[in-house]
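Participant:
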Amino acid sequence: MKALVFHKPKDIRLDFVADPRIENARDVIVKVTSSSISGSDLHIYNGYARQKKPLVLGHEFMGVVEEAGPQITALKRGDRVVVPFPISCGRCWFCERGLPAHCEKSNPAHYGPDGKTGRGGGLFGYTEEYGHYGGGQAQYVRVPFGDVGPRKIPGGVPDERVLFLSDILPTGWIAAEWCEIKRGDTVAVFGCGPVGLMAMKAARLMGAARIIAVDVLDYRRRLAKRVADAETIDPSETDCVEAIRHLTHGRGADACIDAVGMDADRGLGESVENALRLQAGSIKVLRQCIKAVRRGGVVSAVGAYTSPANFFPLDEIFEKGLRLRAGQAPAQAVLDQVFELALKGVYTAEDIVTHRMPLDDGPKAYKMFNDKTDGCVKVVLKPWDEEVVEQDTAAELQSFAEYEEMASLSETLYGERAQARASGGDS
Ligand SMILES: NC(=O)c1ccc[n+]([C@@H]2O[C@H](COP(=O)([O-])OP(=O)(O)OC[C@H]3O[C@@H](n4cnc5c(N)ncnc54)[C@H](O)[C@@H]3O)[C@@H](O)[C@H]2O)c1
Ligand SMILES: [Zn+2]
Numbered sequence: 006m007k008a009l010v011f012h013k014p015k016d017i018r019l020d021f022v023a024d025p026r027i028e029n030a031r032d033v034i035v036k037v038t039s040s041s042i043s044g045s046d047l048h049i050y051n052g053y054a055r056q057k058k059p060l061v062l063g064h065e066f067m068g069v070v071e072e073a074g075p076q077i078t079a080l081k082r083g084d085r086v087v088v089p090f091p092i093s094c095g096r097c098w099f100c101e102r103g104l105p106a107h108c109e110k111s112n113p114a115h116y117g118p119d120g121k122t123g124r125g126g127g128l129f130g131y132t133e134e135y136g137h138y139g140g141g142q143a144q145y146v147r148v149p150f151g152d153v154g155p156r157k158i159p160g161g162v163p164d165e166r167v168l169f170l171s172d173i174l175p176t177g178w179i180a181a182e183w184c185e186i187k188r189g190d191t192v193a194v195f196g197c198g199p200v201g202l203m204a205m206k207a208a209r210l211m212g213a214a215r216i217i218a219v220d221v222l223d224y225r226r227r228l229a230k231r232v233a234d235a236e237t238i239d240p241s242e243t244d245c246v247e248a249i250r251h252l253t254h255g256r257g258a259d260a261c262i263d264a265v266g267m268d269a270d271r272g273l274g275e276s277v278e279n280a281l282r283l284q285a286g287s288i289k290v291l292r293q294c295i296k297a298v299r300r301g302g303v304v305s306a307v308g309a310y311t312s313p314a315n316f317f318p319l320d321e322i323f324e325k326g327l328r329l330r331a332g333q334a335p336a337q338a339v340l341d342q343v344f345e346l347a348l349k350g351v352y353t354a355e356d357i358v359t360h361r362m363p364l365d366d367g368p369k370a371y372k373m374f375n376d377k378t379d380g381c382v383k384v385v386l387k388p389w390d391e392e393v394v395e396q397d398t399a400a401e402l403q404s405f406a407e408y409e410e411m412a413s414l415s416e417t418l419y420g421e422r423a424q425a426r427a428s429g430g431d432s
């Protein structure tokens, strides 16, 4: 089959590799119909996430069941499915407690309780340390524990409505949920990439009155304004912490979301400082979140960090009484709820897709997404010959008025928790 294979940093090739086969009774083989490139793939691409052997990449994919292992009863050949990115067994201590990204069974070689020497559960197409599973930027993919992750897609629903249930829809939702938003809150989101944009949409649906979006790229800030009616700040022009305080009576935002991570854009001076501190990447954005959030607020860090950091501002966290949430999103835990919102068109990512390309053009797509050229926000790759409809800009985007409507619908769906938030009070 054809697959996008990582060879070394900045070297991704379209290779012919062996088709995946059923290896365990709970495996499913999925014929991929759509796949996309994630900001997390860029950590491998740029060499921040180490990978020595060739690996088929991709953890955002959907397709059609080609073959199901003997213990799979709920899926059969021909079923359309979308698959969330953490590989979880559904039965271990962590899976049973709604923490699928920490599954004890899916990454036996590298799993461990320690966050430095050990890793969490397996991830599709995401390095040796996360199980060395082949990913979905390919014509076929093996899905372990096929009775846990995959969700069946009803007929007639277009791929792009549900493809992003694999990652950015649940991740954005969890980023916002970690903020414990109450009606009328102000949420500052650092990073207007796919994850940040989904977090903004989710925060609106959970009742945030104001979204402040921070990004160094003008075209992405404009998208934040269009999809989430965000007020925007360019941190390369303005002191973004001061700007956020200025917009919030000097106090700071109720919650800050870090949807940038260690790859933050930084000047030469900061890069040298980084090298001297012997840390991979930068915690610049996390620090800004800690500064820009109000006392007693929440910082929700979904942007990825893979290195220890010096001068982590623990003193500021303590002094301001902050709550900090971070980590891989437990996608399965919110998948059914987010699935319903996606099917109803209330919470989707179709409107941020900027490029649709054949899998064969994957290496070009990686470079474009990494270099942030051609207005690229999200690329959908098509592994099979079919007409690929090129669209140079994001599709028509919803207006804020539609968002208001969606927010009330979401409140009905989101139920009691939204009500509890609306009634205020610290939780
Ligand atoms: N926790 C999880 O489960 C999970 C899941 C998916 C993605 N992620 C992580 O989320 C992060 C974002 O993913 P994405 O797909 O949106 O990636 P992306 O690279 O498309 O987006 C990152 C955005 O941050 C902006 N940025 C860079 N430096 C900045 C700075 N100094 N200040 C403000 N903005 C800055 C970039 O211009 C870009 O728009 C990545 O680190 C990714 O690994 C985490
Ligand atoms: Zn498990």
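All you need for my numbering is the position in the sequence shown, starting with 1, plus 5.
The beta carbon of each residue, even a glycine, is placed where N, CA and C say it ideally should be.
With H, G and I counted as helix, E and B as strand and the rest as coil, what does DSSP make of VAL146?
Facilitator: Locating residue 146 in the sequence shown gives position 141, counting from the first residue. If DSSP states are grouped into helix, strand and coil, VAL146 belongs with the strands.
Participant: Using three-state DSSP, classify HIS12 as helix, strand or coil.
Facilitator: Along the sequence shown, one-based indexing puts residue 12 at 7. Three-state DSSP puts HIS12 in a strand.
Participant: From the DSSP output, read off the bridge partner residues of ARG188.
Facilitator: The residue you call residue 188 lines up with position 183 of the sequence shown. ARG188 is not bridged to any residue.
Participant: Mapping the DSSP letters down to three states, classify CYS261 as helix, strand or coil.
Facilitator: Position 256 of the sequence shown, counting from 1, holds the residue named residue 261. If DSSP states are grouped into helix, strand and coil, CYS261 belongs with the strands.
Participant: What are the boundary residues of the beta strand (DSSP E) that includes PHE66?
Facilitator: Counting from 1 along the sequence shown, the entry for residue 66 is found at position 61. 65-73 is the span of the beta strand (DSSP E), which, as asked, contains PHE66.
Participant: Check for me: the alpha helix (DSSP H) holding MET205 runs from which residue to which?
Facilitator: Position 200 of the sequence shown, counted from the first residue, corresponds to residue 205. Counting along the chain, the alpha helix (DSSP H) containing MET205 begins and ends at 199-210.
Participant: Contact defined as beta carbons within less than 8 Å: I believe CYS261 pairs with ALA233. What is the distance between those atoms, to the nearest angstrom?
Facilitator: Looking up residue 261 in the sequence shown gives position 256. Looking up residue 233 in the sequence shown gives position 228. Wrong, their Cβ atoms sit about 15 Å apart, outside the cutoff.
Participant: With a floor of 3 residues, list each beta strand (DSSP E) that falls wholly inside the stretch 208-246, ordered by position along the chain.
Facilitator: DSSP runs (the beta strand (DSSP E)) wholly in the stretch 208-246: 215-219, 236-238.
Participant: Take SER241 as the anchor and find which of GLN337, LEU346, HIS251, ASP223 has the nearest alpha-carbon.
Facilitator: To locate residue 241, count along the sequence shown from 1; it is residue 236. Comparing Cα-Cα distances from SER241 to each of GLN337, LEU346, HIS251, ASP223, the minimum goes to ASP223.
Participant: Since CYS184 and LEU228 should fall inside the 8 Å C-beta cutoff, what is the C-beta to C-beta distance between them, to a whole number of angstroms?
Facilitator: Within the sequence shown, residue 184 is the residue found at index 179, counting from 1. Within the sequence shown, residue 228 is the residue found at index 223, counting from 1. Incorrect: roughly 21 Å between the Cβ atoms, too far for contact.
Participant: Looking only at its chain, what residues have a beta carbon closer than 8 Å to the beta carbon of LEU80, apart from the 5 residues adjacent to it on each side?
Facilitator: The residue labelled residue 80 in the question sits at position 75 within the sequence shown. These residues qualify, in order along the chain: VAL33, VAL70, ALA73, VAL86, GLY151, ASP152, PRO155, LYS157.
Participant: Starting from SER438, follow the beta strand (DSSP E) in both directions and report where the run begins and ends.
Facilitator: Outside the shown range of the chain (6 to 432) lies residue 438, about which nothing can therefore be said.
Participant: For ligand 2, is there a heavy atom less than 6 Å away from the beta-carbon of CYS97?
Facilitator: For this step, residue 97 is matched to residue 92 along the sequence shown. At least one heavy atom of ligand 2 is nearer than 6 Å to the Cβ of CYS97, so yes.
Participant: Quick check: what's the CA-CA separation for PHE344 versus VAL167?
Facilitator: By one-based count along the sequence shown, residue 344 stands at place 339. By one-based count along the sequence shown, residue 167 stands at place 162. Approximately 8 Å between the Cα atoms of the pair.
Participant: Starting from the C-beta of TYR50, find all residues in its chain whose C-beta is less than 8 Å away, skip the five residues before and the five after it, and write them out in chain order.
Facilitator: Reading the sequence shown from its first residue, position 45 is the one you call residue 50. Answer for TYR50: PHE11, PRO14, LYS15, ILE17, TYR371, ASN375, listed in chain order.
Participant: Roughly how many angstroms separate the alpha carbons of ALA334 and ASP46, rounded to a whole number?
Facilitator: Position 329 of the sequence shown, counted from the start, is the residue given in the question as residue 334. Position 41 of the sequence shown, counted from the start, is the residue given in the question as residue 46. For ALA334 and ASP46, the distance between alpha carbons rounds to 15 Å.
Participant: Among the candidates CYS381, PRO313, PRO149, ASP164, whose CA atom is the shortest distance from the CA of LEU348?
Facilitator: Taking the first residue of the sequence shown as position 1, residue 348 is located at position 343. Taking only the C-alpha atoms, the option nearest LEU348 is ASP164.
Participant: Does any heavy atom of ligand 1 sit closer than 6 Å to the C-beta of PRO14?
Facilitator: For the purposes of this step, residue 14 is identified with residue 9 of the sequence shown, where counting begins at 1. Because no heavy atom of ligand 1 lies under 6 Å away, the Cβ of PRO14 does not count as near it: no.
Participant: Please confirm if the stretch 88-108 is in contact with the stretch 197-214, defined as three or more CB-CB distances below 8 Å between the two stretches.
Facilitator: Contact fails: fewer than three Cβ-Cβ distances are below 8 Å.
Participant: Following a CB-centred definition, is GLN333 positioned closer than 6 Å to any heavy atom of ligand 1?
Facilitator: In the sequence shown, residue 333 corresponds to position 328, counting from 1. At least one heavy atom of ligand 1 is nearer than 6 Å to the Cβ of GLN333, so yes.
Participant: Helix or strand or just coil, what does DSSP make of TYR116?
Facilitator: Counting from one through the sequence shown, the residue named residue 116 turns up at place 111. Of the three classes helix, strand and coil, the one that applies to TYR116 here is strand, per DSSP.
Participant: Counting only runs of 3+ residues fully inside the stretch 33-103, write out the beta strand (DSSP E) ranges in chain order.
Facilitator: Within the stretch 33-103, the complete beta strand (DSSP E) runs of at least 3 residues are 33-41, 65-73, 85-88.
Participant: If we ignore side chains and look at the alpha-carbon of each, how far apart do GLY189 and PRO149 end up?
Facilitator: Locating residue 189 in the sequence shown gives position 184, counting from the first residue. Locating residue 149 in the sequence shown gives position 144, counting from the first residue. Near 42 Å, if we compare the C-alpha coordinates of PRO149 and GLY189.
Participant: Among VAL219, VAL192, PHE21, LYS230, which one has its Cα closest to the Cα of ALA213?
Facilitator: Walking along the sequence shown from the start, residue 213 turns up at place 208. Among VAL219, VAL192, PHE21, LYS230, the Cα nearest to that of ALA213 is on VAL192.
Participant: With DSSP as the reference, label GLU401 as helix, strand or coil.
Facilitator: Numbered from its first residue, the sequence shown carries residue 401 at position 396. At GLU401 the pLDDT is 34, less than 50, meaning the model places this residue with poor confidence and gives no usable figure here.
Participant: Would GLY127 and ILE92 qualify as a contact pair, given that the criterion is a beta-carbon distance under 7 Å?
Facilitator: Here residue 127 refers to the residue found at position 122 of the sequence shown. Here residue 92 refers to the residue found at position 87 of the sequence shown. A contact, by the Cβ cut-off of 7 Å.
Participant: Leaving out five residues before and five after GLY117 in sequence, what residues of the same chain have Cβ atoms less than 6 Å from its Cβ?
Facilitator: Looking up residue 117 in the sequence shown gives position 112. For GLY117, where only same-chain residues beyond five positions count, the Cβ hits under 6 Å are GLY123.
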